[in-house]
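Student:
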Amino acid sequence: MTREQSGGPHSTSYEPWFIAAIVVGAFVRLFFVFATQGTLDVDSWLVHTLALEKQGLISYYEGGPLIFNHPPPAALLVSTLGKLATATGTSFAALLRLPFAVLDLATMAMIVLLLGRTKRAHQVAALYWLHPLSIIFSAYHGNTDTAIAFFLVTTTWFVSRNKALLAGVALGACLWIKIPGVLMAPAFLFALPTLRARAEFCAGAGAIALLGYGPTLWMNADAVITAVFLYPGLNIHTSSGIASWGLRNIYPAVSTVPEAIRMTYVEVLQFTINHNTLMCVTPMVAFAWLRRNARDVSGIATTVAGSYAIFYGITNFWAFQYFAWVIPFWLMSTRWFAVTASLLATAYIYGAYAWMCGDLLLMGPWDFIGKPDWPFWLIGARNTANLFFLGAGLYFIGKAVHEEVASRRAPSIAIQS
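Using my numbering, the first residue of the sequence shown is number 2, and each one after it goes up by one.
1) Closer than 6 angstroms by C-beta to residue 95: which residues in its own chain qualify, once you throw out the five before and the five after it? Chain order, please.
2) For residue 163, does the three-state DSSP call read helix, strand or coil?
3) Sorted by chain position, which residues of the same chain lie with C-beta nearer than 7 angstroms to residue 160's C-beta, five sequence neighbours on each side aside?
4) DSSP three-state label for residue 70, please.
5) Using only alpha-carbon positions, find the residue among 109, 86 and 62 that is nearest to residue 24.
6) Rounded to the nearest angstrom, how far is the Cβ of residue 316 from that of residue 277, given a contact under 8 angstroms?
7) I need the DSSP call for residue 319, collapsed to helix, strand or coil.
8) Enumerate in chain order the residues of its own chain whose CB-to-CB distance from residue 367 is below 8 angstroms, with the five nearest sequence positions on each side excluded.
9) What first and last residue would you give for the alpha helix (DSSP H) that runs through residue 33?
10) With contact counted as at least three CB pairs below 8 angstroms, one residue from each stretch, are the segment 75–84 and the segment 50–63 in contact?
11) Where does residue 279 land, buried or exposed, given buried means 16+ other C-beta within 10 angstroms?
12) So if DSSP puts residue 236 in a beta bridge, which residue, or which two residues, is it bridged to?
13) Buried or exposed, going by whether 16 or more other CB atoms sit within 10 Å of the CB of residue 5?
14) With a floor of 4 residues, list each alpha helix (DSSP H) that falls wholly inside the segment 86–139, ordered by position along the chain.
15) Measure how close the beta-carbons of residue 420 and residue 150 come, nearest whole angstrom, since I'm counting them as under 8 angstroms.
16) Between which residues of its own chain and residue 9 is the CB-CB distance below 7 angstroms, once the five residues before and five after are set aside?
17) Taking contact to mean 3 or more Cβ pairs, one atom from each stretch, closer than 8 angstroms, check whether the segment 257–272 and the segment 213–231 are in contact.
18) How many Å lie between residue 331 and residue 306 at the Cα?
19) Beta carbon of residue 67, beta carbon of residue 48: below 8 angstroms?
20) What alpha helix (DSSP H) runs, 4 residues minimum, are completely inside the segment 167–219?
21) Express the C-alpha separation of residue 72 and residue 65 in angstroms, rounding to a whole number.
22) Going by alpha carbons, who is nearest to residue 147 out of 157, 101 and 184?
23) Within the same chain, show all residues whose beta-carbon is closer than 7 angstroms to that of residue 1, passing over the 5 residues directly before and after it, in chain order.
24) Is the segment 310–324 in contact with the segment 387–405, if contact means three or more CB pairs nearer than 8 angstroms?
25) Let me know the secondary structure DSSP gives residue 296 once reduced to three states.
26) To the nearest angstrom, how far is it from the Cα of residue 183 to the Cα of residue 226?
27) Classify residue 244 as helix, strand or coil using the three-state DSSP reduction.
28) Return helix, strand or coil for residue 374, following the three-state DSSP convention.
29) Excluding the 5 residues flanking residue 318 on each side, which residues of the same chain have their C-beta closer than 7 angstroms to its C-beta?
30) Is residue 334 helix, strand or coil when you go by DSSP?
31) Please classify residue 47: does DSSP put it in a helix, a strand, or coil?
32) On a Cα-Cα basis, can you pick out the residue from 200, 204, 291 and 53 that is closest to residue 409?
33) Buried or exposed: which applies to residue 20, given that a residue is buried once 16 or more other Cβ atoms fall within 10 Å of its Cβ?
34) Would you kindly check if the distance between the Cβ of residue 30 and the Cβ of residue 246 is under 8 angstroms?
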């Protein structure tokens, strides 16, 4: 049993610096919730709420003013917030973001619980609560992605204690809010030690997911599956063609490739776009299997952090707030990765948001549409972050392969000696 599992020397009281960190983080979040407008996602959700009220959920899945790929429970939640905003005259932008800013407090509490209420637990929790990206995504951005972090941390807590059924319940509940949490199912599944535990995990996840999706699946399964589960993602880019993320931003331009291989090059590029999901998921599953014996908290956290690094490094279908899923796991994994990922991702995201808002406090309108031509430094920050996650993902895979080979060779070496 590791120190994280046993808890080590428990702290029975909260030190003043930890309480101060909570106060500061809460103040900054409340500032963003009530003093800023958020990103275009806030406007999109407002359109969604109006369309849901007018068309109904099933009809909106079939088609409407915007693409709608959110799960039924998330649709119900935000639709209710929209009605509450109308009834009370409160800003929809504030009501949309406030629950997720509060949920971040629950994520911080789960980190403390996960790491055993030790001094290190308080340090990691405070770092998460004060992390610029966790603040931006929970209290400023205006989407549901912060909830994924909470449910994944909760799932990790149950998996690390071999409570497979409850772990499945937590992951199944994550799917009520947003689908990408399912990307970590292999990491959790392989971390469970027995086939029975894995079956319990799948049963718990399936039962809770069905509870959230069942009624709408009964009404129109095709519409729900197509809109939510088969949603391919978007390659978000400006009107001048600058994409927010993706390795194809870094590939040589087609016009610069020798004519003799140009058609082959185009075919390869098209293949990477058409099969991008498979290219992401396959190495993630392999990596999770290679790390199947890493079952303590830090081991699972590193598996999750590494899995998402692989995804971020390869995917071409990405949105700014996707980093929200994994921030707690950066901080619970290796120090070099936590520091580098935090610095590079923050430099890109905060730099982009501040530039688009024209304000360091993000108080101006988030003008993604009105600023289609990004400055050189912002493109550089994007590419640097993208290449880092690709390199980190390859490193994690290489290290896992090395450890697997070493573990298989060790018994034969011991027998020979």
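Even for Gly, the Cβ is constructed at its ideal location relative to N, Cα and C. Because the structure is a prediction, the values reported are computed rather than measured.
Tutor: If we stick to the structure as given:
1) If we look at residue 95 and ignore the five residues flanking it on each side, its Cβ neighbours are 34 and 35.
2) When secondary structure is reduced to three states using DSSP, residue 163 falls in the coil class, being assigned neither helix nor strand.
3) The answer, listed in chain order, is 168, 189, 192, 193 and 301.
4) Coil, per DSSP.
5) The residue with the shortest Cα to Cα distance from residue 24 is 109.
6) Correct: roughly 6 angstroms between the Cβ atoms.
7) In the structure shown, residue 319 sits in a strand (DSSP, three-state: E or B).
8) Closer than 8 angstroms at Cβ, skipping near neighbours: 38, 39, 40, 41, 354, 357 and 358.
9) Run containing residue 33: 17–36, per the alpha helix (DSSP H) assignment.
10) Taking 8 angstroms as the limit for Cβ pairs, the verdict is that the segment 50–63 does touch the segment 75–84.
11) Looking at its Cβ environment, which holds fewer than 16 other Cβ atoms inside 10 Å, residue 279 is exposed.
12) Beta-bridge analysis with DSSP links residue 236 to 319.
13) Low confidence applies here, because residue 5 scores a pLDDT of 42, under 50, leaving its location unreliable and the question unanswered by this model.
14) Here the runs fully enclosed are 93–115, 120–131 and 133–136.
15) Shown here, the chain extends from 2 to 418; a query on residue 420 therefore has no answer.
16) Here residue 9 scores only 46 on pLDDT, less than 50, and its place in the model should not be relied on; the value that follows carries that caveat. Answer for residue 9: 117 and 119, listed in chain order.
17) Contact check between the segment 257–272 and the segment 213–231: fewer than three CB pairs, one atom from each, fall below 8 angstroms, which does not count as touching.
18) Near 6 angstroms, if we compare the C-alpha coordinates of residue 306 and residue 331.
19) Yes.
20) Counting only runs of 4+ residues, the alpha helix (DSSP H) found wholly inside the segment 167–219 occupies 186–192, in chain order.
21) Taking the CA atoms as reference points, residue 65 sits about 16 angstroms from residue 72.
22) Residue 101 holds the alpha-carbon nearest to the alpha-carbon of residue 147 among 157, 101 and 184.
23) For the chain, the structure presents residues 2 to 418; residue 1 sits outside this window and is missing.
24) Judged by Cβ distances under 8 angstroms, the segment 310–324 makes contact with the segment 387–405, as three or more pairs qualify.
25) Note: residue 296 maps to coil in three-state DSSP.
26) About 15 angstroms.
27) Three-state DSSP puts residue 244 in a strand.
28) DSSP places residue 374 in coil when its eight states are reduced to three.
29) Within its own chain, the residues whose Cβ lies closer than 7 angstroms to the Cβ of residue 318, once the five positions on either side in sequence are excluded, are 233, 234, 235, 236 and 277, listed in chain order.
30) Judged by DSSP in its simplified three-state form, residue 334 adopts coil rather than helix or strand.
31) If DSSP states are grouped into helix, strand and coil, residue 47 belongs with the helices.
32) Checked all of 200, 204, 291 and 53; the closest Cα to residue 409 is 291.
33) Per the 10 Å Cβ criterion, exposed.
34) In this structure, residue 30 does not lie closer than 8 angstroms to residue 246 by Cβ.
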